[in-house]
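Undergrad: Dropping a structure here in C-alpha cells format, bear with me for questions.
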Amino acid sequence: MDYKTLKSVLAPCISDHAQELEAARKTVEAQRTQGPFDKRVVTVLNNLLKTLEVSESFKRIIRNILAQEEYFCDTSVHHTSKAQQLKQILDDNGFLENNKQYNLSTLQTYVENILTKQLLEINIKIEENQRILHNIEASKPSGGPKAPVKPRYTKYLFIENERVKYTIRYASIVEILKIGKGVAEKNLTSKAVPYSKVSGMNRRNVMKRVTDYKIQKNQPLNNYNLTLPNTVEKMFAVITRRDSYLNIFFVDNILYTDPVEAQDMGGYAKTFEGNYKTIEV
180 MDYKTLKSVL APCISDHAQE LEAARKTVEA QRTQGPFDKR VVTVLNNLLK
230 TLEVSESFKR IIRNILAQEE YFCDTSVHHT SKAQQLKQIL DDNGFLENNK
280 QYNLSTLQTY VENILTKQLL EINIKIEENQ RILHNIEASK PSGGPKAPVK
330 PRYTKYLFIE NERVKYTIRY ASIVEILKIG KGVAEKNLTS KAVPYSKVSG
380 MNRRNVMKRV TDYKIQKNQP LNNYNLTLPN TVEKMFAVIT RRDSYLNIFF
430 VDNILYTDPV EAQDMGGYAK TFEGNYKTIE V
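Here is the structure:
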C-alpha cells in the first residue's frame, strides 16, 4: 500500500487543532450572557465544539496509523503482528472497529466511552469505600456484622469459540499461536497433538510466549477440542499448562493477546461489558 500518497492526501484533513479548540471553548465559556438568547447561543456553541473535539480524536487515530508507515510496510513483520499493532492503536483511542452502532453514531460512541470511564471511576470509589468500611468493621468487637468481601480480580485472555466469547485464566497460558486452516482441520480429531505440528517452521506461528517454559518439539499436547463441536474455522490456538500436562485449545479468534483484568467470579469473568464464562483448559 502507498502510505506516502495517503500521507500527502490526508495531511490537510488531519492537522491537529486540539489546542485551538481548547482555547475556543474557554473563550465561549467566559462570555457574559445578557439574556436567554445569549445563553442558548453559548450552549449551542459548546455542544458544537464538543463535536469538533470528537473529530480531533478521529484525526489523531489516523495520524497514529500513518506514523507506523515503516512498520506496516516491513515485509519481514508477520501480518498478525501488524494487525495487533493496529488493534492496539484503535483500542488506545476507544475506536470500536467493525461496530455498526459506531458507524451510525460517532457521538453516541463518544458518550459511551465517557460513561465507561465514569463507571470505572465510580467502581474505584466503591472499592475505596469498601476498604474504609472493612477497616471500620475490623475495629469493632467480634460478633458484629461481617465486613464486605473485597472483589477479586484476575488477568484473563479473551477468546471466541463457536462465535461465543469466553475467557481463559492468563496464569495458565504458555503460548498463543496463529495457525493455518489446514493445521486445525488435521488435528481437531486427534487426542494428542505433537507441538511441532502447530508451532510451524522457525516458530513463526507463535504470536506470544506468555512464560519461559520451553516446549519440546515432539511434546504431546492434550487436545481440548476433542469433545467439543467444531463448526467454525479455527485460526488460533492457546497452549496451557496444568501441573505437568500441556493442553491445546483451537479457537476461532483471539480478541487481544495481552492480559485483561476482570473481576473473578469463579466460573466467569465480570466486566463492564458483561459476564464471560471462564474455560478451565
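So the mapping is simple: the working numbering equals the position in the sequence shown, first residue as 1, plus 179.
Glycine residues also receive a C-beta, built at the ideal position from the N, C-alpha and C atoms.
Here the structure is a predicted model, which means the values were calculated and not measured.
Express the C-alpha separation of S260 and I202 in angstroms, rounding to a whole number.
TA: At residue 202 the sequence reads Ala, which differs from the Ile that was named. Roughly 39 Å separates the two Cα atoms.
Undergrad: In terms of residue numbering, what span does the alpha helix (DSSP H) encompassing A190 cover?
TA: Counting along the chain, A190 falls outside any alpha helix (DSSP H), and DSSP gives it neither H nor E.
Undergrad: Quick check on the burial criterion: 16 or more other C-beta atoms within 10 angstroms. Buried or exposed for F451?
TA: F451 should be labelled exposed.
Undergrad: Does the separation of the CB atoms of T333 and D443 fall below 8 Å?
TA: Contact: yes.
Undergrad: As an exercise, report each continuous alpha helix (DSSP H) stretch of at least 4 residues that is fully enclosed by the region 374 to 418, in chain order.
TA: If we require 4 residues or more, the alpha helix (DSSP H) runs fully inside the region 374 to 418 come out as 375 to 378.
Undergrad: Given 8 Å as the limit, is there contact between the region 350 to 357 and the region 418 to 435, that is, 3 or more CB pairs closer than that?
TA: These segments touch.
Undergrad: Is the beta carbon of L200 sitting closer than 8 Å to the one on L231?
TA: Contact flag set, yes.
Undergrad: Here's the rule: buried if 16 or more other CB atoms are within 10 angstroms of the residue's CB, otherwise exposed. What is M180?
TA: Looking at its Cβ environment, which holds fewer than 16 other Cβ atoms inside 10 Å, M180 is exposed.
Undergrad: Quickly, what does DSSP pair A203 with across the bridge? List them, please.
TA: DSSP output for A203 lists no bridge partner at all.
Undergrad: In the DSSP assignment, find the beta strand (DSSP E) that holds I347 and state where it starts and stops.
TA: Its beta strand (DSSP E) spans residues 343 to 348.
Undergrad: Count the CB pairs spanning the region 426 to 434 and the region 391 to 398 that are closer than 8 Å, and state whether there are at least three.
TA: Result no; under three Cβ-Cβ pairs closer than 8 Å.
Undergrad: Taking the C-alpha atoms as reference points, what is the distance between M414 and I427?
TA: Their backbone Cα atoms lie some 13 Å apart in a straight line.
Undergrad: Kindly indicate which three-state DSSP category K449 falls into: helix, strand or coil?
TA: Three-state result, K449: strand.
Undergrad: Using 10 angstroms around the beta-carbon of T457, count the other beta-carbons present and answer buried if the total reaches 16, otherwise exposed.
TA: So T457 ends up on the buried side.
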